[in-house]
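Colleague: Dropping the structure in here first, questions after.
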Amino acid sequence: MPHSTSSPRLGDLERVVMERLWDAGSTDGATVREVHEALERDRDIAYTTVMTVLDRLAKKELVTREREGRAWRYFPADSREALTARTMRRTLDDMAVTDRRSALLHFLDGASTDEIADLKAALAEVEARAGSADAGRPRRRGGRHR
Amino acid sequence: MPAPRTPVARGGVEAGTADGLRRTCHDGLVVPLVLAGLAVILVWVAPGVMAGRAALRRVPRAALVAWQAVSLGGLLCALVVAPAALPTALRGDDVRDHPWLTGLALCITAVVLARVLVSGHMVGTRIRAIRADHRELVDIIGDREREGLVVLEHPTPTAYCIPGRGHRVVLTRGVLDALPEDQLSAVVAHERAHLRARHDLLLEFFTVLHESVPGRLRSASALAEVRLLVEALADRAAVRRSGEVATARALVAIAEGRVPDGGTIAGASAPLRMRLLVAGDRPGLALAAYGVALTALVVPVALLVLAWA
């Protein structure tokens with residue numbers, strides 16, 4: 501399986517390289533040499549390693565690249581915020597339901613408006629049952645942000 | 024050819040009963056028919072009955088054991104029904120005298136086994152790929168906190184775990200902002216319970232079984248019920264950590280934060296889970312569930328032994 505080859509170290513590097521590209525910005529981008537020079541300042545890293553990492557990121561479509569002479573110039577495909585939003589959307593809604601539910605275990609896998617009303621009724625029951633036992637605790641109600 | 028019997032081994036009466044039983048089994052199709060019937064019961068009838076017994080959710084651990092045993096027992100029946108029919112088909116002849124019959128029996132077993140193995144491979148590969156891809160993404164966009172905790176800068180309050188090798192518990196900025204400390208601890212305890220007890224393997228097993236049953240015969244009730252039981256079990260860890268009230272409030276807070284877009288799949292499990300938080304244990308029922316589990320596993324094996332005895 502291709503995934504078993506990705507050591508945690510490579511994963512860390514992917515993050516560092518992506519951060520470097522995000523710093524460089526989506527219009528300027530960076531070449532392998534530029535990324536390598538920036539990273540070399542605080543770690544011992546080979547030029548070819550940076551090249552491999554950028555290649556992997558391109559395969560995952562996290563970066564795009566354009567020819568610049570004999571080298572490639574890499575650009576982040578999305579801003580960090582956009583990538584986060586896309587990832588969240590995918591985990592919450594896009595994936596096939598069975599796959600998502602088996603692959604990732606969510607604390608709560610969605611609730612309809614009716615269910616939320618039912619949930620609140622059930623919460624009232626739970627709170628009533630806990631009753632005096634819970635009276636001493638601070639009663640900050642969570643999640644009511646508008 | 025009768026096996027030489029040592030005189031001290033068993034009394035005449037017992038041996039006589041065993042012989043009688045053996046003869047009945049050889050004459051008729053009793054054992055294979057019982058096995059086939061049991062397979063139908065365990066695969067199609069039992070899941071419906073068990074999913075309908077809401078009280079079982081109050082003993083989630085025992086219920087999960089029963090679900091696994093019933094599913095395994097059903098699979099076992101399906102695997103051994105053809106080999107169990109073989110002695111009847113051979114009418115006392117040796118296996119080597121009827122290579123075609125023997126081959127057919129083994130073939131039927133092989134087809135059932137292949138279905139499960141292929142489904143297992145496909146499901147396993149698919150969800151492991153999803154997890155690996157997702158973990159890599161989360162490691163790039165998220166902030167790694169203490170031990171396996173990752174925070175995503177996103178306003179939707181949600182929490183989940185990525186099980187398997189290099190597992191993670193993922194929280195969003197939204198959930199950190201919306202939930203007070205005790206509720207947050209409940210959520211994290213819930214996710215860590217999933218990881219610690221390897222609930223992912225349990226869900227994978229039932230997904231595999233679900234997909235290995237031919238499409239039209241498939242029932243979603245087993246998988247849905249097992250999902251609910253797994254959540255109920257993890258909720259207990261949350262309650263142990265922060266109490267019923269904090270866990271219940273966390274459920275509401277996260278449910279409210281996920282504004283449904285119409286297409287949201289509603290499992291209707293959240294209100295159920297919340298009521299289970301305060302539902303008491305039922306030790307007697309747990310015992311019954313373990314009994315069902317034992318029976319579902321022992322009977323198919325006993326029947327196969329009987330057919331070949």
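Top to bottom, those sequences are chains L and W.
Using my numbering, read the first sequence as starting at 501 and increasing by one per residue.
Using my numbering, read the second sequence as starting at 24 and increasing by one per residue.
Backbone N, C-alpha and C fix where the C-beta goes; we use that ideal spot for every residue, glycine too.
Going by beta-carbon coordinates alone, are residue 113(W) and residue 121(W) separated by less than 7 Å?
Modeller: The count along the second sequence starts at 1 and reaches residue 113(W) at position 90. The count along the second sequence starts at 1 and reaches residue 121(W) at position 98. Yes. Within cutoff.
Colleague: Spell out the partners DSSP gives residue 166(W) in its beta bridges.
Modeller: For this step, residue 166(W) is matched to residue 143 along the second sequence. Answer is 174(W), bridged to residue 166(W).
Colleague: Would you decide whether residue 314(W) is buried or exposed? Buried here means 16 or more other CB atoms lie within 10 Å of its CB.
Modeller: One-based indexing of the second sequence puts residue 314(W) at position 291. By the 10 Å Cβ count, residue 314(W) comes out exposed.
Colleague: Going by the CB atoms, is the gap between residue 265(W) and residue 209(W) shorter than 7 Å?
Modeller: By one-based count along the second sequence, residue 209(W) stands at place 186. By one-based count along the second sequence, residue 265(W) stands at place 242. A contact, by the Cβ cut-off of 7 Å.
Colleague: Using the three-state DSSP reduction, which class does residue 190(W) fall into: helix, strand or coil?
Modeller: Locating residue 190(W) in the second sequence gives position 167, counting from the first residue. Three-state result, residue 190(W): coil.
Colleague: Got a sec? Which residues, its chain only, sit under 8 Å from residue 197(W) by beta carbon, not counting five neighbours each side?
Modeller: Within the second sequence, numbered from 1, the residue matching residue 197(W) stands at position 174. Cβ neighbours of residue 197(W) beyond the five flanking positions: 177, 178, 179, 180, 181, 280.
Colleague: At a Cβ threshold of 7 Å, is residue 647(L) touching chain W?
Modeller: The structure shown does not extend to residue 647(L), since chain L is modelled only from 501 to 646, so the question has no answer here.
Colleague: Given a threshold of 16 other Cβ atoms within 10 Å of its Cβ, counted over all protein chains shown, does residue 141(W) qualify as buried or as exposed?
Modeller: Here the question's residue 141(W) lines up with position 118 in the second sequence. Classification of residue 141(W): exposed, given that the 10 Å Cβ count is below 16.
Colleague: Assuming residue 331(W) is part of the beta strand (DSSP E), what are its boundary residues?
Modeller: Along the second sequence, read from residue 1 onward, the residue named residue 331(W) stands at position 308. That residue, residue 331(W), is in no beta strand (DSSP E); its alpha helix (DSSP H) goes 306-331.
Colleague: For the stretch 206-284 of chain W, which segments carrying the alpha helix (DSSP H) assignment without a break, of at least 4 residues, lie completely within its bounds, in sequence order?
Modeller: Within the stretch 206-284 of chain W, the complete alpha helix (DSSP H) runs of at least 4 residues are 222-235, 244-265, 267-280.
Colleague: Considering only their Cβ atoms, is the gap separating residue 630(L) from residue 267(W) smaller than 7 Å?
Modeller: The sequence position of residue 267(W) within the second sequence is 244, counting from 1. The sequence position of residue 630(L) within the first sequence is 130, counting from 1. Yes, Cβ-Cβ distance for residue 267(W) and residue 630(L) is below 7 Å.
Colleague: Only counting runs of 4 or more residues, tell me where the alpha helix (DSSP H) segments fall wholly within the stretch 506-578 of chain L, in order along the chain.
Modeller: DSSP runs (the alpha helix (DSSP H)) wholly in the stretch 506-578 of chain L: 508-524, 532-540, 547-559.
Colleague: Using only the alpha-carbon positions, how far apart do residue 58(W) and residue 52(W) sit?
Modeller: Position 35 of the second sequence, counted from the first residue, corresponds to residue 58(W). Position 29 of the second sequence, counted from the first residue, corresponds to residue 52(W). Going by the C-alpha atoms only, they are around 10 Å apart.
Colleague: List the residues of chain B whose Cβ lies closer than 8 Å to the Cβ of residue 627(L), in chain order.
Modeller: Going by chain labels, chain B is absent from the structure shown, which instead holds the protein chains L and W.
Colleague: Count the other CB atoms within 10 Å of the CB of residue 276(W); is the residue buried (16 or more) or exposed (fewer)?
Modeller: Position 253 of the second sequence, counted from the start, is the residue given in the question as residue 276(W). That one is buried.
Colleague: Roughly how far, in whole angstroms, is the beta-carbon of residue 221(W) from the beta-carbon of residue 189(W), given that I think they are within contact range, below 8 Å?
Modeller: Within the second sequence, numbered from 1, the residue matching residue 221(W) stands at position 198. Within the second sequence, numbered from 1, the residue matching residue 189(W) stands at position 166. At roughly 14 Å, the Cβ-Cβ gap does not stay under 8 Å, so residue 221(W) and residue 189(W) are not in contact.
Colleague: Can you tell me the Cα-Cα spacing of residue 243(W) and residue 621(L), whole angstroms?
Modeller: In the second sequence, residue 243(W) corresponds to position 220, counting from 1. In the first sequence, residue 621(L) corresponds to position 121, counting from 1. C-alpha separation (whole angstroms): 28 Å.
Colleague: Measure from the C-beta of residue 329(W) to each C-beta in chain L and report whether the shortest distance is under 7 Å.
Modeller: The residue labelled residue 329(W) in the question sits at position 306 within the second sequence. Not closer than 7 Å to any Cβ of chain L, the Cβ of residue 329(W) fails to qualify, so no.
Colleague: Name the chain L residues that come within less than 7 Å of residue 334(W), Cβ to Cβ?
Modeller: Nothing can be reported for residue 334(W), as the shown portion of chain W is limited to 24 through 332.
Colleague: Taking residue 104(W) as the reference, which of 78(W), 131(W), 83(W) has the closest Cα?
Modeller: As a first step, residue 104(W) must be located in the second sequence, where it is residue number 81. Ranking the options by Cα distance to residue 104(W), first place goes to 131(W).
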